[in-house]
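Mapping of the sequence shown onto this note's numbering: residues 12 to 177, in sequence order.
C-beta: ideal position from N, C-alpha, C; glycine also.
These notes are about the structure you will find just below.
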Amino acid sequence: MFGLTRIRIVEIGVALLLTLAALLFVGLTVWAAELTRIEVADAWARPTAGQGKMSAAYMTIANKGKADDLLKSARTAKAESVELQQATVTAGGVMQMRKIEHGIPVESGTSLVLKPGGAHFMLVGVEDALEAGQQLVLTLEFAKAGIVDVVVPVSASTPATASARP
Ligand SMILES: [Cu+2]
């Protein structure tokens with residue numbers, strides 16, 4: 012009889028441990044999700060011009076997680092490569108674009124605004140022309156959040172939903 016009781020205690024102990032493990036797993040999953048939460052809004056990309064094989068994409072990337080992150084790179088099936096670029100206007104009024112080499116930090120609680128005249132994605136080697144009304148999928152890679160796929164509508168100018176935001 013004593014033996015049975017001991018087995019019972021072991022069973023209860025195992026059940027408790029499994030419950031604790033399950034709770035810990037759920038807790039860690041929630042914690043990891045909170046640590047890295049990237050939200051993208053107002054994405055759009057320019058149509059290609061004529062025979063041109065270039066396009067640019069813009070969006071607002073909000074880091075709503077608890078950890079600082081880094082936008083490392085981007086890619087799309089529609090282009091040979093996607094570069095992070097910074098546009099600047101020289102004293103002479105000439106627009107220049109240079110490649111951003113080591114990604115762009117997105118600190119916790121902040122938003123990275125990629126917009127015409129500022130930082131943006133440059134799509135290089137776009138084989139099939141992009142026309143307004145189409146869309147493409149841009150795959151972003153973050154140091155902590157990992158892969159984030161963004162559906163990007165092609166539009167000739169900043170969509171109304173994008174400019175309406177503060
Ligand atoms: Cu550019």
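Within the region 23 to 86, the complete beta strand (DSSP E) runs of at least 3 residues fall at 49 to 56, 65 to 74 and 80 to 86.
Taking 8 Å as the upper bound for CB-CB distance, L95 and I72 are not in contact here, some 12 Å apart. According to DSSP, I115 shares a beta bridge with L82. When the beta-carbon positions are compared, G76 and L46 come within less than 8 Å of each other. Taking T121 as the centre and dropping the five residues before and after it, the same chain places the C-beta of N74 closer than 7 Å to its C-beta, in chain order. Cβ-Cβ separation between V137 and M65: approximately 7 Å, consistent with a contact (criterion under 8 Å). Nearest in C-alpha terms to Q97, of all of Q107, A88 and A33, is Q107. The set of residues with a C-beta under 5 Å from any non-hydrogen atom of ligand 1 comprises Q96, M108 and M133, given in chain order. Inter-segment contact for the region 50 to 64 and the region 160 to 170 is present: three or more beta-carbon pairs are separated by less than 8 Å.
Taking all protein chains in view, the Cβ of F132 is crowded by 16 or more other Cβ atoms within 10 Å, so the residue is classified as buried. Beta-bridge annotation (DSSP): D160 is paired with T150. Shortest Cα-Cα distance from E142 to any of A60, A88 and T87 involves A60. For the set D79, R109 and A102, the Cα lying nearest the Cα of R48 is the one of D79. Within its own chain, the residues whose Cβ lies closer than 7 Å to the Cβ of Q146, once the five positions on either side in sequence are excluded, are V162, V163, P164 and V165, listed in chain order. Taking 8 Å as the cut-off, the Cβ atoms of V159 and V93 do not count as close. Here the alpha carbons of L31 and Y69 stand approximately 45 Å from one another.
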